[in-house]
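Residue numbers (our numbering): 427 to 658. Glycine included, each C-beta is placed from N, C-alpha and C at the ideal position. Remember, predicted model here, so these are calculated numbers, not experimental data.
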């Protein structure tokens with residue numbers, strides 16, 4: 427008696443294709459965002475660009491997130507707002523201001539790509555235990571790959587020395603948000619649109635305060651500014 431042969435359906439093939447396309451799109455969006463920040467800095471202050479970027483995202487997600495946000499407890503909303511301040515406000519402020527002060531976009535991207543290493547180091551401090559050998563091997567392999575892929579595009583530029591700490595601080599802020607997110611109890615879990623909606627809204631308020639201290643929040647609506655907002 428022969429065993430039945432498994433033939434993957436066309437539906438599975440299409441799902442795998444869409445998943446691969448989504449992963450490629452994520453990589454392109456993540457890596458090109460640093461170039462977008464550098465591009466936007468020529469047309470408006472980067473914090474103003476970040477403010478309008480968060481406003482656009484928050485309103486775009488509103489139809490998909492409002493009902494879930496209304497059902498959530500005030501504590502859950504506050505927790506995701508705190509995560510947003512670290513993951514969006516802290517991260518974007520550090521990276522974008524660093525690039526605005528002259529840190530090359532390639533170097534800022536390399537520092538941001540060290541997120542797994544930053545997360546592991548912060549996890550060691552929080553949990554007070556060392557990762558096992560497999561984790562260190564994976565981190566070493568990942569850092570080596572990032573360095574090889576971006577090394578030829580890295581230059582130090584002429585930025586003030588202290589400004590190179592800004593992308594590092596932004597990366598550590600995102601790493602801390604990642605750890606916080608991983609340790610959330612199931613009772614505080616939210617759908618992705620709802621979580622991103624809250625994080626974008628609270629980050630818009632934070633960027634409004636910071637960008638407002640630098641100048642007006644109403645930008646000069648140039649093509650470059652619009653492209654910069656959409657790109658980042």
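Near the ligand NAP: residue i beta-carbon under 7 Å from a heavy atom
{"i": "residue 488", "result": "This structure does not include the ligand NAP; it has no bound ligands of any sort."}
Sequence-distant residues of its chain with Cβ nearer than 8 Å to residue i (five each side left out)
{"i": "residue 431", "result": "Bear in mind that the predicted position of residue 431 carries a pLDDT of just 49, short of 50, making it too unreliable to give a figure here."}
{"i": "residue 428", "result": "Unreliable placement is indicated for residue 428, whose pLDDT of 46 sits below 50; the coordinate value is still reported in the next sentence. Taken in chain order, the list of residues that qualify is empty."}
{"i": "residue 545", "result": "601, 604 and 605"}
{"i": "residue 529", "result": "583, 585, 589, 590, 592 and 593"}
{"i": "residue 649", "result": "none"}
Residues near residue i in its chain [Cβ-Cβ closer than 6 Å; skip 5 each side]
{"i": "residue 517", "result": "596, 599 and 600"}
{"i": "residue 468", "result": "none"}
{"i": "residue 655", "result": "475, 478 and 479"}
{"i": "residue 470", "result": "645 and 651"}
Closest by C-alpha distance to residue i, when choosing among the options
{"i": "residue 497", "options": "621, 651 and 652", "result": "621"}
{"i": "residue 618", "options": "469, 483 and 443", "result": "483"}
{"i": "residue 515", "options": "586, 481 and 652", "result": "481"}
{"i": "residue 613", "options": "471, 444, 639 and 500", "result": "500"}
{"i": "residue 463", "options": "543, 526, 570 and 587", "result": "526"}
{"i": "residue 637", "options": "443, 472 and 444", "result": "472"}
{"i": "residue 513", "options": "653, 634 and 626", "result": "626"}
Own chain, CB closer than 7 Å to residue i, minus 5 neighbours either side, in chain order
{"i": "residue 503", "result": "495 and 624"}
{"i": "residue 537", "result": "593, 594 and 597"}
{"i": "residue 541", "result": "597, 600 and 601"}
{"i": "residue 616", "result": "494, 498, 502 and 506"}
Subject >> Meets three-Cβ-pair contact criterion under 8 Å: the segment 582–600 and the segment 480–494 >> reply: The segment 582–600 makes no contact with the segment 480–494, as fewer than three CB pairs between them are under 8 Å.
**OP:** Indicate whether the contact test is met: 3 or more Cβ pairs, each with one atom in the segment 623–631 and one in the segment 473–484, closer than 8 Å.
**Re:** With the cut-off at 8 Å, the segment 623–631 and the segment 473–484 touch.
**OP:** Specify whether the segment 520–535 and the segment 587–595 touch according to this definition: at least 3 beta carbon pairs, one from each stretch, less than 8 Å apart.
**Re:** Result yes; three or more Cβ-Cβ pairs closer than 8 Å.
**OP:** State whether the segment 499–510 contacts the segment 633–643, with contact taken as three or more CB pairs (one from each stretch) at a distance under 8 Å.
**Re:** Contact fails: fewer than three Cβ-Cβ distances are below 8 Å.
Original post:
Taking only runs of the alpha helix (DSSP H) that begin and end inside the segment 464–493, which ones reach a length of at least 4 residues, in chain order?
Top reply: Within the segment 464–493, no complete alpha helix (DSSP H) run reaches 4 residues.
Original post:
Does the segment 601–613 touch the segment 490–497, meaning 3 or more C-beta pairs lie closer than 8 Å?
Top reply: Verdict: no, contact absent.
**OP:** Please list the segments of the alpha helix (DSSP H) lying wholly inside the segment 595–658, counting only runs of 4 or more residues, in order along the chain.
**Re:** Here the runs fully enclosed are 618–640 and 649–657.
**OP:** Entirely within the segment 507–549 and at least 4 residues each: give me those alpha helix (DSSP H) ranges in chain order.
**Re:** Listed in chain order, they are 517–526 and 531–538.
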